[in-house]
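What follows is a set of notes on a single structure, which appears directly below.
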């Protein structure tokens, strides 16, 4: 497993998310949170190995515009270093259209879903996007003895 710095991987995931947003080109409201890291194992106490991911969405735009944005992705992803591995329905009750793609260097995975508005649930139409890195190990940090104040153990 490759060793990479968390900040570098997180920045790459955010950069890919920004590019995806540019390709979608829909004038809506994107959600705000940035990329974060999670452990690759089910043990959330383990920090290493880790992956970075950035879940976000675009909403407050007409469904037809969101669909056009998803269609732009279908065309532009292969031109921008991505291979589409799935283009179909996501298998949920809503059977939402879904595109899954992998970056050509196999470092990133993209999952995009187009959701219709559900008025009964007060859920707006939206494009749900997740960009995720593969798992990495953190670089080893030098272990230096912790500096102690002089005479710390003297009475």
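Residue numbers (the numbering used here): 59 to 213.
The beta-carbon is built from N, C-alpha and C at its ideal position, and this holds for glycine as well.
Since this is a predicted model, take the numbers as computed values, not measurements.
| query | Among residues of its own chain, excluding the 5 on either side of residue 142, which ones have a beta-carbon nearer than 8 Å to its beta-carbon? | reply | Within the same chain, residue 142 has close Cβ partners 132, 135, 136, 157, 158, 159.
Requested in this report: Kindly identify the DSSP beta-bridge partner or partners of residue 142.
Outcome: Under DSSP, residue 142 shares a beta bridge with 159.
Just to confirm the assignment, what range does the alpha helix (DSSP H) spanning residue 69 have? Segment 64-82, the alpha helix (DSSP H) holding residue 69.
Per-residue burial, residue 112 [other beta carbons within 10 Å of its own, 16 or more giving buried]:
Counting every other CB atom within 10 Å of its CB across the protein chains shown gives residue 112 a total of 16 or more, marking it as buried.
Whether residue 66 touches residue 93 by CB criterion (9 Å)
Not a contact, by the Cβ cut-off of 9 Å.
Between which two residues does the alpha helix (DSSP H) containing residue 133 stretch?
Run containing residue 133: 121-137, per the alpha helix (DSSP H) assignment.
Taking the alpha carbon of residue 61 as the point to measure from, which residue in 73, 75, 108 has its own alpha carbon closest? Check the Cα spacing between residue 61 and each of 73, 75, 108: the tightest is with 108.
Query raised in the report: So what does residue 112 bridge to, in DSSP terms?
Result: Per DSSP, 189.
Open item on the list: Only counting the same chain, and skipping five residues up and downstream in sequence, which positions put a Cβ closer than 7 Å to that of residue 83?
Closed with: Hits under 7 Å: 127, 130.
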